[in-house]
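Residue numbers (my numbering), protein chains in the order written: chain A, 39 to 280; chain B, 39 to 280.
Backbone N, C-alpha and C define an ideal beta-carbon position, used for all residues, glycine too.
Here the structure is a predicted model, which is why all the values come from computation and not from measurement.
Working notes, beginning with the structure itself.
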DNA sequence: CGAATAGTGTCTTTCAGACATTATGCC
DNA sequence: GGCATAATGTCTGAAAGACACTATTCG
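Okay, structure coming up:
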């Protein structure tokens with residue numbers, strides 16, 4: 039049994055955290071990617087990858103702390119929507135050895151991001167890429183394509199029945215703007231009337247006064263009642279509320 | 039940057055896998071727990087814990103392999119429903135150092151389990167415990183209470199709109215038996231008519247001939263069309279199918 | 001025949017989808 | 001007034017919840 043061996047004798051896998059950071063820019067869902075460094079011994083040199091890296095047992099009190107640190111480092115955003123996605127681990131995903139990564143996914147408004155023009159030391163650059171138009175002919179490093187795919191599926195699935203897209207907008211926002219976020223993520227139009235009814239009934243919005251938004255008629259502005267958590271819309275198999 | 043340090047110099051967290059194994063026995067949802075060993079340096083000696091342990095980089099090709107190995111070891115079951123639950127990691131969850139665990143949850147029919155009467159070497163015993171009546175006054179080891187809680191929430195939530203409870207039954211089973219599984223997990227009665235309609239419409243069942251089941255009238259037996267995956271019932275915000 | 005369980009039918013309410021209509025502000 | 005967008009109203013069909021009813025087997 040593993041437990042009966044001395045702790046120090048146990049061979050420990052490499053432990054990393056990767057973050058799938060989504061935003062919407064120019065009407066498209068985009069993901070933040072960084073380029074792998076070129077140094078000796080570096081795996082996948084020059085390839086695009088999800089931002090992430092080793093857990094630093096001195097800096098990070100927890101996995102989520104680690105994810106937040108990497109997110110802050112790359113985007114300057116300190117409190118986006120952040121959710122654990124899952125973990126991927128095995129002997130062959132990293133040429134340097136048995137490794138396990140803890141993947142998170144984050145949503146943030148494009149306007150809140152301050153990308154560093156260039157990461158001085160390593161020359162690595164972070165860039166937004168439309169999820170439907172990743173750099174062609176250049177597969178992502180490690181198993182990051184699979185992780186990104188899972189993140190996309192999770193996002194699209196949850197958008198069907200949660201308030202997640204609200205975290206893609208700066209506050210305050212209007213209902214038509216929010217509807218657009220849903221449409222962009224889902225990749226299909228959403229009926230206005232039904233959308234409004236459901237969004238308002240879900241009770242995650244608070245009015246914050248009318249907004250000028252560049253269109254003829256001003257619209258009501260809204261804020262999230264609780265930026266800390268997403269709201270789930272009612273599901274099936276549940277007893278009717280009222 | 040962590041990446042610029044030599045790989046060998048990076049302090050690696052302990053890496054474990056834990057499995058929350060559910061079954062239904064005696065009309066109750068139960069979870070399999072093991073007792074922590076008593077040896078020197080062992081954390082939480084004697085406490086109940088989720089089955090799990092260190093990843094063995096020699097034995098395990100992947101995290102899921104590791105979970106399956108532990109599951110087979112404890113229950114003798116080789117292909118239950120198995121799903122990743124999430125990961126928990128931090129500096130203080132294990133007194134032996136910074137550690138990260140990858141948690142899985144499994145569903146299996148009670149009848150398929152062969153618990154070893156006792157694990158010879160360590161004297162550890164595995165036992166079923168009703169989730170509503172864990173050993174009183176004895177908190178679970180590590181953060182396993184939190185992991186179990188998360189597993190329960192995930193299970194109860196998914197039961198609302200998936201075929202998960204079917205994995206708690208040996209095949210073939212009848213619709214009334216399946217309905218009972220839903221009711222046990224959800225903790226409330228479910229309407230027979232509606233249940234039958236939805237379950238059959240979801241299309242994850244295949245008829246397999248009538249069964250004697252100890253009740254006056256025989257019932258139709260069913261098997262799962264695909265034991266490899268759960269089926270999701272239709273959700274909201276989606277275009278009508280027909 | 002009665003008891004017990006399996007399985008079906010019916011009614012009603014809710015609600016999402018589709019689409020039409022009204023409201024408001026700017027040119 | 002005309003236009004563009006915001007917001008609301010109306011109709012319909014699908015489906016879930018509730019509950020009544022029929023069917024089959026055993027004693």
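So that I know if they touch, is there some Cβ in chain B lying closer than 7 Å to that of residue 140(A)?
One-based indexing of the first chain puts residue 140(A) at position 102. By this cut-off, residue 140(A) is an interface position.
Under a CB-based cut-off of 7 Å, is residue 93(B) close to chain A?
Working through the second chain from its first residue, we reach residue 93(B) at position 55. With its beta carbon less than 7 Å from one in chain A, residue 93(B) belongs to the interface.
Could you pull out every residue in the same chain whose Cβ sits closer than 6 Å to the Cβ of residue 263(A), ignoring the five residues on either side in sequence?
Reading the first chain from its first residue, position 225 is the one you call residue 263(A). Cβ contact annotation for residue 263(A) (same chain, cutoff 6 Å, sequence separation greater than five): 242, 244, in chain order.
Under a Cβ-count criterion, where at least 16 other Cβ atoms within 10 Å of its own Cβ denotes burial, should residue 141(B) be classed as buried or exposed?
Residue 141(B) sits at position 103 when you count from the first residue of the second chain. Around the Cβ of residue 141(B), a 10 Å sphere holds 16 or more other Cβ atoms; the residue is buried.
Counting along the chain, where does the beta strand (DSSP E) carrying residue 135(A) start and finish?
Taking the first chain and counting its residues from 1, one reaches residue 135(A) at position 97. For residue 135(A), there is no enclosing beta strand (DSSP E), as DSSP marks it with neither H nor E.
Roughly how many angstroms separate the alpha carbons of residue 138(B) and residue 97(A), rounded to a whole number?
Here residue 138(B) refers to the residue found at position 100 when the second chain is read from its first residue. Here residue 97(A) refers to the residue found at position 59 when the first chain is read from its first residue. Rounded to the nearest angstrom, the two C-alpha atoms are 15 Å apart.
Determine which residues of the stretch 98 to 125 of chain A have a Cβ less than 7 Å from any Cβ of chain B, and write them out in chain order.
Among the residues of the stretch 98 to 125 of chain A, those with a Cβ less than 7 Å away from any Cβ of chain B are 99, 100, 101, 122, 124, 125, in the order of the chain.
Contact belief for residue 57(A) with residue 89(A) at Cβ below 8 Å, rounded distance in angstroms
Within the first chain, residue 57(A) is the residue found at index 19, counting from 1. Within the first chain, residue 89(A) is the residue found at index 51, counting from 1. Confirmed, Cβ separation roughly 5 Å.
Could you spell out where the beta strand (DSSP E) holding residue 61(A) opens and where it closes?
Here residue 61(A) corresponds to residue number 23 of the first chain, with the count starting at 1. According to the DSSP assignment, residue 61(A) belongs to the beta strand (DSSP E) that extends over 52 to 63.
Per-residue contacts from residue 53(B) into chain A (C-beta, under 7 Å)
As a working note, residue 53(B) is residue 15 in the second chain. Within chain A, the C-beta atoms nearer than 7 Å to that of residue 53(B) come from 50, 51, 53, 138, in chain order.
List, in chain order, every chain B residue whose beta-carbon is nearer than 7 Å to that of residue 134(A).
Here the question's residue 134(A) lines up with position 96 in the first chain. Those within 7 Å of residue 134(A) in chain B are 45.
Cβ-based contacts, 7 Å cut-off: residues of the stretch 216 to 239 of chain A near chain B
Cβ contacts with chain B come from no residue of the stretch 216 to 239 of chain A.
Between the CA atoms of residue 270(A) and residue 256(A) - distance to the nearest angstrom
Counted from its first residue, the first chain places residue 256(A) at position 218. Counted from its first residue, the first chain places residue 270(A) at position 232. The straight-line gap separating the alpha-carbon atoms of residue 256(A) and residue 270(A) is approximately 29 Å.
If we cut at 7 Å on Cβ distances, does residue 58(A) have a partner in chain B?
Residue numbering aside, residue 58(A) sits at position 20 when the first chain is read from its first letter. Cβ-Cβ to chain B under 7 Å: no for residue 58(A).
Drop a sphere of 10 angstroms on the beta-carbon of residue 163(A), count the other beta-carbons inside from all chains shown, and report buried for 16 or more, exposed for fewer.
Translated into the one-based positions of the first chain, residue 163(A) becomes position 125. Counting every other CB atom within 10 Å of its CB across the protein chains shown gives residue 163(A) a total below 16, marking it as exposed.
Could you name the residues of chain A that residue 128(B) contacts, counting a contact when the two beta carbons are closer than 9 Å?
Numbered from 1 along the second chain, position 90 holds the residue referred to as residue 128(B). In chain order: 98, 99, 100, 101, 102, 103.
Which first and last residues belong to the alpha helix (DSSP H) in which residue 214(A) is found?
In the first chain, the residue the question calls residue 214(A) occupies position 176. Its alpha helix (DSSP H) spans residues 213 to 224.
Determine the DSSP secondary structure at residue 144(B), reduced to helix, strand or coil.
If you number the second chain from 1, residue 144(B) lands on position 106. Here DSSP, grouped into helix, strand and coil, assigns residue 144(B) to strand.
Is it buried or exposed for residue 116(A), if we count other Cβ within 10 angstroms and need 16 for buried?
The residue you call residue 116(A) lines up with position 78 of the first chain. Residue 116(A) is exposed by the Cβ-count criterion.
DSSP puts residue 80(B) in a beta bridge; with which residues?
As a position in the second chain, residue 80(B) is number 42, starting the count at 1. DSSP lists no partner for residue 80(B).
Could you tell me which of 72(A), 64(A), 201(A) sits nearest to residue 233(A), measuring between CA atoms?
For the purposes of this step, residue 233(A) is taken as residue 195 along the first chain, with counting starting at 1. From the listed residues 72(A), 64(A), 201(A), the smallest Cα separation to residue 233(A) is found for 201(A).
What would DSSP say about residue 203(A), mapped onto helix, strand or coil?
Residue numbering aside, residue 203(A) sits at position 165 when the first chain is read from its first letter. Looking at residue 203(A) - three-state DSSP - the assignment turns out to be helix.
So, helix, strand or coil for residue 236(A), using DSSP?
The sequence position of residue 236(A) within the first chain is 198, counting from 1. Three-state DSSP puts residue 236(A) in a helix.
Using the Cα positions of residue 203(B) and residue 216(B), report the straight-line distance between them to the nearest angstrom.
Taking the first residue of the second chain as position 1, residue 203(B) is located at position 165. Taking the first residue of the second chain as position 1, residue 216(B) is located at position 178. So the two alpha carbons sit approximately 7 Å from each other.
7 Å Cβ shell around residue 76(A) - same chain, five flanking residues per side excluded:
Here residue 76(A) refers to the residue found at position 38 of the first chain. Only residues of its own chain outside the window of five on either side were considered, and among them 83, 84 have a CB closer than 7 Å to the CB of residue 76(A), listed in chain order.
Going along the chain, which residues of its own chain have a beta-carbon closer than 7 Å to the beta-carbon of residue 41(A), five neighbours each way excluded?
Counting from 1 along the first chain, the entry for residue 41(A) is found at position 3. Here the model assigns residue 41(A) a pLDDT of 49, short of 50, so the residue's position is not dependable, and the following value carries that caveat. Counting only Cβ-Cβ distances below 7 Å, and skipping sequence neighbours, we find nothing.
Nearest-angstrom beta carbon gap, residue 180(B) and residue 131(B) [assumed within contact, 8 Å]:
Counting from one through the second chain, the residue named residue 131(B) turns up at place 93. Counting from one through the second chain, the residue named residue 180(B) turns up at place 142. Taking C-beta atoms under 8 Å as the contact rule, residue 131(B) and residue 180(B) qualify, at a distance of about 6 Å.
Alpha carbon of residue 276(A) to alpha carbon of residue 176(A), nearest angstrom:
Position 238 of the first chain, counting from 1, holds the residue named residue 276(A). Position 138 of the first chain, counting from 1, holds the residue named residue 176(A). Its pLDDT being 41, under 50, residue 276(A) is placed unreliably in this model, and the value from its coordinates should be taken loosely. Roughly 46 Å between the two C-alpha positions.
Is the Cβ-Cβ distance between residue 95(B) and residue 126(A) less than 7 Å?
If you number the second chain from 1, residue 95(B) lands on position 57. If you number the first chain from 1, residue 126(A) lands on position 88. The Cβ atoms of residue 95(B) and residue 126(A) do not sit closer than 7 Å to each other.
Could you pull the start and end residues of the beta strand (DSSP E) that residue 66(A) belongs to?
Position 28 of the first chain, counting from 1, holds the residue named residue 66(A). First-last of the beta strand (DSSP E) with residue 66(A): 66 to 73.
How about residue 120(B) and residue 144(B): are their beta carbons less than 7 Å apart?
Here residue 120(B) is taken as the residue at index 82 of the second chain, counted from 1. Here residue 144(B) is taken as the residue at index 106 of the second chain, counted from 1. For residue 120(B) and residue 144(B), yes; Cβs fall inside 7 Å.
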